[in-house]
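A.B. asks: Residue numbers (the working numbering), protein chains in the order written: chain A, 1466 to 1706; chain B, 1466 to 1706.
We put the beta carbon where it would ideally sit given N, CA and C, even for glycine.
1) Distance cutoff 8 Å, beta carbons only. Does residue 1648 of chain A sit that close to anything in chain B?
2) Beta-carbon separation of residue 1680 of chain B and residue 1549 of chain B under 8 Å?
3) Within 10 angstroms of its Cβ, does residue 1706 of chain B collect 16 or more other Cβ (buried), or is it exposed?
4) Which full runs of the beta strand (DSSP E) of 3+ residues lie inside the region 1554–1640 of chain B, going along the chain?
5) Whose Cβ in chain A lies nearer than 9 Å to the Cβ of residue 1657 of chain B?
6) Excluding sequence positions up to five away, which residues of its chain have a Cβ less than 8 Å from the Cβ of residue 1664 of chain B?
7) Does residue 1645 of chain B come out as helix, strand or coil in the three-state DSSP assignment?
8) Is the separation between the beta-carbon of residue 1497 of chain B and that of residue 1522 of chain B shorter than 8 Å?
9) Considering only residues of the same chain and omitting the five flanking positions on each side of residue 1567 of chain B, which have a CB-CB separation below 7 Å?
10) Against residue 1557 of chain A, what residues of chain B qualify as contacts under a CB-to-CB distance less than 7 Å, listed in chain order?
11) Residue 1560 of chain A and residue 1507 of chain A look like a contact to me (Cβ under 8 Å); what is the Cβ gap, rounded to whole Å?
12) Quick one: grab the DSSP three-state call for residue 1698 of chain A.
13) Jot down the residue ranges of each uninterrupted beta strand (DSSP E) in the region 1479–1536 of chain B, minimum 3 residues, whole runs only, in chain order.
14) Closer than 8 Å by C-beta to residue 1616 of chain A: which residues in its own chain qualify, once you throw out the five before and the five after it? Chain order, please.
15) Given 7 Å as the limit, tell me if residue 1576 of chain B has its C-beta closer than that to any heavy atom belonging to the ligand GDP.
16) Let me know the secondary structure DSSP gives residue 1685 of chain A once reduced to three states.
17) Just to confirm, are residue 1678 of chain A and residue 1643 of chain A a CB contact at a threshold of 8 Å?
18) If residue 1527 of chain B and residue 1482 of chain B are in contact, beta carbons under 8 Å, what's the gap, nearest whole angstrom?
19) Which residue or residues does DSSP assign as beta-bridge partners of residue 1665 of chain B?
20) If distances are taken between C-alpha atoms only, which option among B/1598, B/1675, B/1540 comes closest to residue 1564 of chain B?
21) To the nearest angstrom, report how far apart residue 1657 of chain A and residue 1686 of chain A are at their CA atoms.
22) Helix, strand or coil: how does DSSP classify residue 1468 of chain A here?
23) Run through the DSSP bridge pairs and tell me what residue 1677 of chain B is partnered with.
24) Would you call the region 1544–1558 of chain A and the region 1580–1592 of chain A touching, i.e. three or more CB-CB distances under 8 Å?
25) Buried or exposed, going by whether 16 or more other CB atoms sit within 10 Å of the CB of residue 1479 of chain B?
26) Alpha carbon to alpha carbon, how far is residue 1511 of chain B from residue 1539 of chain B? Give it in angstroms, no decimals.
27) Could you work out which residues of chain A lie near residue 1694 of chain B, taking near to mean beta carbons separated by less than 8 Å?
28) From the DSSP output, in three-state form, read off residue 1692 of chain B for me.
29) Can you tell me whether residue 1484 of chain B is buried or exposed, with buried defined as 16 or more other CB within 10 angstroms of its CB?
30) Beta carbon of residue 1515 of chain A, beta carbon of residue 1536 of chain A: below 8 Å?
31) Any C-beta of chain A sitting closer than 8 Å to the C-beta of residue 1639 of chain B?
32) Can you find a CB in chain A that lies within less than 8 Å of the CB of residue 1589 of chain B?
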């Protein structure tokens, strides 16, 4: 029987070791997926690759698994951050899910002048990226950073990291052209603005920063989540090549 | 006052002509956007560019507008078709909306062996693409084709049109590499498989067709809607350059 279910777990994973699942993972295995002792699952922790594990015992609130075999070895990932102004709930959830599928390594909600959403449910975001990582066969889970104001994000920026700002006002070259002429560095970040766009003062301030590159995705006005998915897809396609 | 609202309309658009809106557009203008006589809107029909128009009269079920000025001229668009196996409702709606934002010219629901969704609400799809086109500042609305079985789509295919099949089993080169070596032709099509992937027999049959090119979006398993958005974004980025 093939193991189909993938679970993310914090513990170290190594041959012959045993790990315990938490109560919600146990519930999922037993009551949703109808697996019991002897069932096989895949485990990953973002460090030790993907392991096949066998269910050894299940209790009401936990399950113990024994690690059988390394199925896929951990591989290095290009570091790509996505900074985004939170949009309404489904948009933010969609950004988290799709960005995870597209290999984002860090997700950072950034509050801009025109950001309408005041509260970001960070726990929900973290749960979303774990679920998406489990389903898309990633060996890692993106890091979710605490929301911060754009001005603070910029003043604390590591200047060696290029920040590609998707500018709806058309102030930049096409993203693909930028990446062709100046291929992705070892670590980069993409910033997507809010639904209403960046404030003029924000664009002016960013224009003065040496690490900022403005980029465009064309003439059409994209929703924030479309812009996030499109720019990550293009980045991955051209960084990989 | 600037016209903010964009509406798609079938009528010809020309200087000094008058057009009538249908009842749902009239309702939207009057009751949602609170516009009345003298208010300005933007109109487009996919042929004659974008026009500023003034509301001349409003009735219970219709509104008459007078065309003032051509604001943006019609431009040629690269023809890019998206064929997709319908997924559950929100996924299909999302594909329609995002594909429109990313400039798809034709949307074609295709029924494959592993397609779980039997019924596609074509009227809903058509309404979705109009709404998305109005919001993203496109000058056209994608054509929505009637759902058809994959085998029929393939047997009636125009062989001059390249069909790029996104193959989750990894049977193709990265999409960006394909487009770099063999840039987009004057008209192309992308096919996205269903959630469960294509059947082996479908892949084998397509592999024998001269117009089919298999392509990959990397190792991660993308949801159908993510694959649609990602491949269109990459296509637009590399076709434009």
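C.D. replies: According to the data block:
1) For the purposes of this step, residue 1648 of chain A is taken as the residue at position 183 of the first chain. Answer no: the Cβ-Cβ gap between residue 1648 of chain A and chain B never drops below 8 Å.
2) Translated into the one-based positions of the second chain, residue 1680 of chain B becomes position 215. Translated into the one-based positions of the second chain, residue 1549 of chain B becomes position 84. No; because the gap between Cβ atoms is not below 8 Å, this pair is not in contact.
3) Taking the first residue of the second chain as 1, we reach residue 1706 of chain B at position 241. At residue 1706 of chain B the pLDDT is 41, less than 50, meaning the model places this residue with poor confidence and gives no usable figure here.
4) 1571–1576, 1627–1631
5) For the purposes of this step, residue 1657 of chain B is taken as residue 192 along the second chain, with counting starting at 1. None at all; the shortest Cβ gap to chain A is about 13 Å.
6) Numbered from 1 along the second chain, position 199 holds the residue referred to as residue 1664 of chain B. Taken in chain order, the residues that qualify are 1577, 1578, 1579.
7) The residue you call residue 1645 of chain B lines up with position 180 of the second chain. DSSP places residue 1645 of chain B in the helix class (H, G or I) of the three-state scheme.
8) As a first step, residue 1497 of chain B is located in the second chain; it is residue number 32 there, counting from the start. As a first step, residue 1522 of chain B is located in the second chain; it is residue number 57 there, counting from the start. In this structure, residue 1522 of chain B does not lie closer than 8 Å to residue 1497 of chain B by Cβ.
9) Position 102 of the second chain holds residue 1567 of chain B. Cβ within range, chain order: 1694, 1697, 1698, 1701.
10) Counted from its first residue, the first chain places residue 1557 of chain A at position 92. Simply none; closest approach about 15 Å.
11) Start at 1 with the first residue of the first chain, and residue 1560 of chain A comes out as number 95. Start at 1 with the first residue of the first chain, and residue 1507 of chain A comes out as number 42. 26 Å between Cβ atoms; not a contact.
12) In the first chain, counting from the first residue as 1, residue 1698 of chain A sits at position 233. Of the three classes helix, strand and coil, the one that applies to residue 1698 of chain A here is helix, per DSSP.
13) 1483–1486, 1505–1509, 1515–1523
14) Mapped onto the first chain, residue 1616 of chain A falls at position 151. Taken in chain order, the residues that qualify are 1670.
15) Ligands in the displayed structure: none, and consequently the ligand GDP is not present.
16) The residue labelled residue 1685 of chain A in the question sits at position 220 within the first chain. In the structure shown, residue 1685 of chain A sits in coil (DSSP, three-state: anything other than H, G, I, E or B).
17) The residue given as residue 1678 of chain A occupies position 213 in the first chain. The residue given as residue 1643 of chain A occupies position 178 in the first chain. Yes, the Cβ-Cβ distance between residue 1678 of chain A and residue 1643 of chain A is below 8 Å.
18) On the second chain, position 62 is the one that residue 1527 of chain B refers to. On the second chain, position 17 is the one that residue 1482 of chain B refers to. 16 Å between Cβ atoms; not a contact.
19) Position 200 of the second chain, counted from the start, is the residue given in the question as residue 1665 of chain B. In the DSSP output, where bridge partners are listed per residue, residue 1665 of chain B has none listed.
20) On the second chain, residue 1564 of chain B is found 99 positions in, with the first residue counted as 1. If we check each option's Cα against that of residue 1564 of chain B, B/1598 comes out closest.
21) In the first chain, counting from the first residue as 1, residue 1657 of chain A sits at position 192. In the first chain, counting from the first residue as 1, residue 1686 of chain A sits at position 221. Going by C-alpha positions, residue 1657 of chain A is about 12 Å away from residue 1686 of chain A.
22) Here residue 1468 of chain A refers to the residue found at position 3 when the first chain is read from its first residue. Coil at residue 1468 of chain A, not helix or strand.
23) For this step, residue 1677 of chain B is matched to residue 212 along the second chain. BP columns for residue 1677 of chain B point to B/1628.
24) yes
25) Walking along the second chain from the start, residue 1479 of chain B turns up at place 14. Per the 10 Å Cβ criterion, exposed.
26) Translated into positions along the second chain, residue 1539 of chain B becomes position 74. Translated into positions along the second chain, residue 1511 of chain B becomes position 46. When rounded, the distance between both Cα atoms is 8 Å.
27) Here the question's residue 1694 of chain B lines up with position 229 in the second chain. The answer, in chain order, is 1563, 1691, 1694, 1695, 1698.
28) For the purposes of this step, residue 1692 of chain B is taken as residue 227 along the second chain, with counting starting at 1. DSSP places residue 1692 of chain B in helix when its eight states are reduced to three.
29) If you number the second chain from 1, residue 1484 of chain B lands on position 19. Label assigned to residue 1484 of chain B: buried.
30) Residue mapping note: residue 1515 of chain A aligns to position 50 of the first chain, counting from 1. Residue mapping note: residue 1536 of chain A aligns to position 71 of the first chain, counting from 1. Closer than 8 Å, so yes.
31) Residue mapping note: residue 1639 of chain B aligns to position 174 of the second chain, counting from 1. Interface residue, yes.
32) The count along the second chain starts at 1 and reaches residue 1589 of chain B at position 124. So, not an interface residue.
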